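Taking it in order: structure first as structure tokens, then the write-up.
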Amino acid sequence: MVATVNIVGAGIFGLSLAVELKKNGYNVTVFDKNNYAEDEYRNFEVQAASVDQNKIFRASYGKKLHYQRLAMEARDRWEKLGNGLFVASGMLRVQPTEDLGSLEQETIANMTRDGLREMLFVKGHADDEARAKQQGWFEKILKFSIPGEQQNKEFGAVLDTTAGFTKCSAACYYYYCLAKDLGVQFVFGVDAGNFDSLIKEETENGGSAVVGLRTKNGSEHRADTTVIAAGSFSTQLLPELAYHLESSAGSVARFEIDPQDVFLWDKYSPEKFPVITWKRRARDGAGKDVGSVYVFPRTEEGIVKIGYRGVKYTHFQPAPANSTFSQDNQWSIPASPEIKPPQVALDAIQEFVSIFLPELKDVPFYSTKFCWYTDSLDNEFVVDHVPQYANNSCFVCTGGSGHAAKFLPVLGEHAVDIFVHGENAKTPLRPFWRWRTDVERKNGLEEGPSGPRNLAK
Ligand SMILES: Cc1cc2nc3c(=O)[nH]c(=O)nc-3n(C[C@H](O)[C@H](O)[C@H](O)COP(=O)(O)OP(=O)(O)OC[C@H]3O[C@@H](n4cnc5c(N)ncnc54)[C@H](O)[C@@H]3O)c2cc1C
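Written out as structure tokens, the structure is:
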């Protein structure tokens, strides 16, 4: 008999897994409270990290070679798709000072090790600049003066031509259509597609197995395995995840450029303008990246998006009694969409704009919003069977930690390997993505409700 799988969440994780499970012969149904069949992933007010015009594609991961390699595997796949969902605009990594920071040096060393050095161009490096001129990249090694410096010093920078961006919403819609064509069933909507609860049954030896799920309209959907892939909402659906994950908010602001403004339209096009990331400060004593801001080239509609991840805001609320982990009886979950980024985050974005997009310095934002991360305790994803439930009946596929969108074309293949083979999976990601309540909570998750990032204080 064909094994049946319910997946909750039709974002990057749910879609990628659904496609691969279906290819592996499973009978798959995906549930989502948003109706993506109707809005085609284009309602940018929706609270799902995957619903977004663009996300950075990068293979630069410092010492984390496993993600560098996964990213290059994904890049190859994006290129083979050949449908423009990946744009190789390049990414200029601007440093906090004139010099290259330690993370940048680690990245260059690891990219050199994997034969990618030729795709990097260090500003001011004669050989690199000559090569950039030959290959048509030189105009994208943009130069920015360090404000307040007497001698007109410039920020150090590296143009990384392995990088660029993906058209995230369009890619999700593409994968949704692909999944549907393969025969994956989708149940959408605030009633029919909205997860209510797991259906559990006691096993012969007194354990508990998940035998399906209930949706808000009262329907029951039985399946051999139920997968939680609900992004920043995952802990609320499966409180057993509470030790692993924390929802936190990134601040996003957008400008709109008028196509009639030929100068700006041209200057900020992906052909002329790379993704730019700027580390406002060097890494802190704990090695944590603090204060980075990034901007994308304009979209076809003229939207220029800027993100600030210097502070990822938490939103602590009372944790439910069945939560397996809480801090002062609280946990951080997404706030309602009416809650907007605080002035301090907008000020950081404005500072970035004044240096990197000077023409937009006095232009009001077109929109601002929070976009919710699903941070894991160590920035690794969480893809595994949930040990509390018998018969491999409950699986999780989440914990994107702000960097999973780029992996859409390959994530599912690695996740299916774990889904099918568990401990014996061959993917090199298995040890990183396993259920790991034995690992210390770091990555900011140790702060709790009294920490400085809590919006609800
Ligand atoms: C600010 C920000 C910037 C980022 N930048 C990048 C980047 O530059 N590059 C990159 O690679 N990655 C980036 N990421 C990470 C990437 O966007 C995420 O890792 C990825 O989109 C997460 O996908 P997901 O499927 O886990 O979650 P989501 O996209 O949130 O999808 C989860 C789905 O579950 C559904 N759901 C929730 N609750 C229920 C329920 N009760 N019933 C039914 N359905 C439900 C939601 O509607 C949603 O559709 C960024 C993330 C953020 C927040």
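So the sequence shown is residues -18 to -1, 1 to 439, counted in mature numbering (1 follows the signal peptide of the UniProt record, and there is no 0).
No residue lacks a Cβ here, since even glycine has one placed at the ideal position from N, Cα and C.
Predicted model, so just to flag it, every value in this text is computed and none were measured.
- Pairing K343 with P78 gives a Cβ-Cβ distance that is not under 7 Å.
- The residue from I321, H297 and T207 with its alpha-carbon nearest to that of V368 is T207.
- Nearest neighbour of C154 by Cα position, chosen from I400, D420, K388 and N436, turns out to be K388.
- Cβ-Cβ separation between D163 and R75: approximately 38 Å, too far for a contact (criterion under 8 Å).
- Around the beta-carbon of C379, 16 or more other beta-carbon atoms lie within 10 Å, marking it buried.
- Here DSSP, grouped into helix, strand and coil, assigns V76 to strand.
- Rounded to whole angstroms, D58 and I285 show a C-alpha spacing of 27 Å.
- It is roughly 31 Å from the alpha-carbon of Y225 to the alpha-carbon of L328.
- Under the 8 Å Cβ criterion, the region 113 to 129 does not count as touching the region 22 to 34, having fewer than three qualifying pairs.
- Residue state for L227 is assigned as strand, using DSSP reduced to three classes.
- Of all alpha-carbon atoms in Y18, N17 and V1, the one lying nearest the alpha-carbon of V10 is that of V1.
- Take the alpha-carbon of S308 and the one of L160: they are about 39 Å apart.
- Secondary structure of E222 (DSSP, three-state): helix.
- By a beta-carbon distance limit of 8 Å, L(-2) contacts G394. Their separation comes to about 5 Å.
- Every alpha helix (DSSP H) stretch that sits fully inside the region 53 to 103 and reaches 4 residues is listed by chain position as 84 to 95.
- Not one heavy atom of ligand 1 lies closer than 6 Å to the C-beta of D344.
- Annotation for D360 indicates a beta carbon at 6 Å or more from all heavy atoms of ligand 1.
- The criterion of a C-beta distance shorter than 7 Å is not satisfied by L195 and F215.
- Going by DSSP, I210 is part of no alpha helix (DSSP H) but of the beta strand (DSSP E) stretching over T207 to I210.
- DSSP places P413 within a helical segment (H, G or I) once states are collapsed to three.
- For the pair Q242 and D248, the Cα-to-Cα distance works out to about 10 Å.
- Contact between the region 107 to 127 and the region 34 to 54 is absent, with fewer than three C-beta pairs closer than 8 Å.
- With a contact defined as Cβ atoms closer than 8 Å, G213 and G(-10) qualify at about 6 Å.
- Under DSSP, the beta-bridge partners assigned to K37 are T148.
- Here the region 335 to 355 lies against the region 229 to 244, with 3 or more beta-carbon pairs under 8 Å apart.
- By the neighbour-count definition (other C-beta atoms within 10 Å, threshold 16), N406 is an exposed residue.
- Residue pairing by DSSP places R204 opposite G194 in a beta bridge.
- In the three-state reduction of the DSSP assignment, P300 falls in the strand class.
- Spatial neighbours of N(-13) in its own chain (CB-CB distance under 6 Å, excluding positions within 5 residues in sequence) are listed in chain order as T11, L195, H203, A205 and T208.
- Annotation: the continuous beta strand (DSSP E) that includes D357 extends over S349 to S358.
- Using a C-beta cut-off of 8 Å, the region 178 to 187 makes no contact with the region 275 to 285, since fewer than three inter-stretch Cβ pairs fall below that distance.
- The three-state secondary structure of F401, taken from DSSP, is helix.
- Here F338 is buried. Its C-beta has 16 or more other C-beta atoms within 10 Å.
- DSSP, reduced to helix, strand and coil, places I128 outside both helices and strands of the structure shown, so it counts as coil.
- CA-to-CA, the gap between I400 and S314 works out to about 28 Å.
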